[in-house]
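Per the working numbering, the sequence shown runs over residues 18 to 349. What follows is one structure encoded as structure tokens, with my remarks underneath.
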Amino acid sequence: STVNFALVGLGSLSTNQIAPALQTTQHAKLVGIVTGTPAKEKIWADKYGIEQQNIYNYDNFNKLSENEAIDVVYIVLPNGMHKEFTVRGAKAGKHVLCEKPMANTSAECREMIAACKENDRKLAIGYRCQFEPHHQHCIDLARSEKFGSLKAIEAGFGFKIGNPNQWRLDGKLAGGGAMMDVGVYALQACRYISGEEPVSISAQETKTDPVKFAEVDESITWTMKMPSGVICYCSTTYAFNGINRYNAYADNGWFGLEPAYSYKGIKGKTSKGPIEHENIDQFAAEMDAFAKCILEDRESTVPGEEGLRDMVCVDAIYESIRTGRHVELPQA
Ligand code: NAD
Numbered sequence: 018s019t020v021n022f023a024l025v026g027l028g029s030l031s032t033n034q035i036a037p038a039l040q041t042t043q044h045a046k047l048v049g050i051v052t053g054t055p056a057k058e059k060i061w062a063d064k065y066g067i068e069q070q071n072i073y074n075y076d077n078f079n080k081l082s083e084n085e086a087i088d089v090v091y092i093v094l095p096n097g098m099h100k101e102f103t104v105r106g107a108k109a110g111k112h113v114l115c116e117k118p119m120a121n122t123s124a125e126c127r128e129m130i131a132a133c134k135e136n137d138r139k140l141a142i143g144y145r146c147q148f149e150p151h152h153q154h155c156i157d158l159a160r161s162e163k164f165g166s167l168k169a170i171e172a173g174f175g176f177k178i179g180n181p182n183q184w185r186l187d188g189k190l191a192g193g194g195a196m197m198d199v200g201v202y203a204l205q206a207c208r209y210i211s212g213e214e215p216v217s218i219s220a221q222e223t224k225t226d227p228v229k230f231a232e233v234d235e236s237i238t239w240t241m242k243m244p245s246g247v248i249c250y251c252s253t254t255y256a257f258n259g260i261n262r263y264n265a266y267a268d269n270g271w272f273g274l275e276p277a278y279s280y281k282g283i284k285g286k287t288s289k290g291p292i293e294h295e296n297i298d299q300f301a302a303e304m305d306a307f308a309k310c311i312l313e314d315r316e317s318t319v320p321g322e323e324g325l326r327d328m329v330c331v332d333a334i335y336e337s338i339r340t341g342r343h344v345e346l347p348q349a
């Protein structure tokens with residue numbers, strides 16, 4: 018059986034990755050769209066056979082509550098809109114899959130989790146890497162202590178951002194810069210490889226173009242200390258291409274991925290040889306997994322709480338930059 022998805026926001030990711038992935042999924046099916054651009058309605062309807070009664074815009078979005086043909090709304094809007102549309106989706110009785118980063122702040126994440134709980138809806142975040150076999154292999158190597166006990170993780174992700182007028186450089190719509198957009202991949206890798214939550218974070222920001230990056234961060238380096246003593250060295254940037262990796266160092270060897278966070282072409286290596294797996298469609302895997310959670314009434318393995326844990330760290334990273342101090346984090 019299938020779970021019916023509506024895509025909310027038909028930008029680059031929806032167009033080039035998610036809709037094509039939905040042509041290959043087993044349990045998730047594309048049946049609806051929500052767009053603020055009327056011209057896209059016919060294009061998408063023709064291309065994907067979307068019925069007129071399953072086409073919405075941001076104004077009549079709440080009317081989804083009257084549409085039983087749609088089970089899930091997948092929020093693929095600018096970060097600053099995630100909270101509003103997750104809450105409205107839950108109130109309309111829909112399960113919500115929300116893109117990363119979950120929201121602009123941890124406070125917003127808490128509101129989203131509460132709204133989904135109140136309406137008895139499931140919430141998952143678009144953490145595609147956790148469904149990817151090379152990443153899963155590294156998690157297994159860490160948990161099984163194949164190379165002994167973990168000592169350090171080095172992780173980074175960045176790229177050179179183009180168009181100065183895009184929402185990714187707008188403080189309200191993006192919630193932050195490179196850190197929010199791609200730094201979260203490195204941050205999260207440290208969390209799922211170590212299996213721990215940081216107790217202390219220290220961060221520094223570098224800005225070479227204060228005009229382009231007037232509202233958001235350009236480059237950040239940060240360190241995190243885990244309760245076991247594992248140290249994480251991390252970086253993110255919007256200033257240049259190339260850093261896209263993590264390596265984990267243990268008592269008797271190391272393992273890691275580079276490129277790590279791409280849609281395809283992920284490569285893994287250990288001190289004892291390569292990590293070999295097929296590259297899969299991560300979006301298809303992520304959506305099928307959420308669909309199965311709904312069909313089997315299970316919690317997602319990447320629930321709102323997982324998004325919240327990342328955003329608690331991101332808030333601490335920005336606080337550390339603002340205050341120039343280490344930020345200590347309480348352990349749950
Ligand atoms: P995009 O700019 O290509 O698309 C954004 C969409 O939102 C557009 O269709 C735009 O029309 C719509 N929109 C509605 N209101 C808007 C407003 N006020 N300003 C700007 N756009 C508005 O962006 P994208 O790359 O598709 O990213 C969308 C979301 O997906 C972001 O949260 C991003 O972090 C996430 N994303 C995730 C991955 C991943 O690998 N999981 C990759 C890319 C993007």
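Glycine included, each C-beta is placed from N, C-alpha and C at the ideal position.
Pair within 8 angstroms by beta-carbon distance, residue i and residue j
i      : j      : result
Met304 : Ala120 : no
Ile311 : His112 : yes
Ala267 : Ile210 : no
Lys242 : Pro276 : no
Val199 : Val89  : no
First and last residue of the uninterrupted beta strand (DSSP E) at residue i
i      : result
Val25  : Val20 to Val25
Arg262 : Asn261 to Ala267
Phe164 : Phe164 -> no beta strand (DSSP E), and no H or E assigned at all.
Val228 : Where Val228 is concerned, there is no enclosing beta strand (DSSP E), given that its DSSP letter is neither H nor E.
Ala141 : Leu140 to Ile142
Residue of the options minimising C-alpha distance to residue i
i      : options                           : result
Ile334 : Ala308, Asp234, Ala86 and Leu186  : Asp234
Gln43  : Leu325, Tyr73, Ala308 and Glu85   : Ala308
Gln70  : Ala23, Ala56 and Ala45            : Ala23
Cys146 : Arg185, Ala206 and Ser161         : Ala206
Thr238 : Arg208, Leu204, Gly270 and Asn269 : Leu204
Inter-residue Cα distance where the pair is residue i and residue j
i      : j      : result
Lys64  : Phe174 : 34 angstroms
Thr240 : Tyr250 : 5 angstroms
Lys284 : Tyr202 : 16 angstroms
Ala86  : Gly165 : 50 angstroms
Leu140 : Glu313 : 15 angstroms
Asn136 : Glu58  : 29 angstroms
Lys80  : Leu94  : 19 angstroms
Lys168 : Thr52  : 47 angstroms
Ser317 : Ala306 : 8 angstroms
Ile338 : Thr41  : 43 angstroms
Limits of the alpha helix (DSSP H) - the one that residue i falls within
i      : result
Glu58  : Pro55 to Tyr65
Ala159 : Pro150 to Arg160
Lys108 : His99 to Lys108
Bridge partner(s) assigned by DSSP for residue i
i      : result
Ile50  : Leu24 and Ile72
Thr253 : Phe174 and Ile237
Lys242 : Ser217 and Ile248
Cys115 : Ile92 and Ile142
Val344 : Ile218
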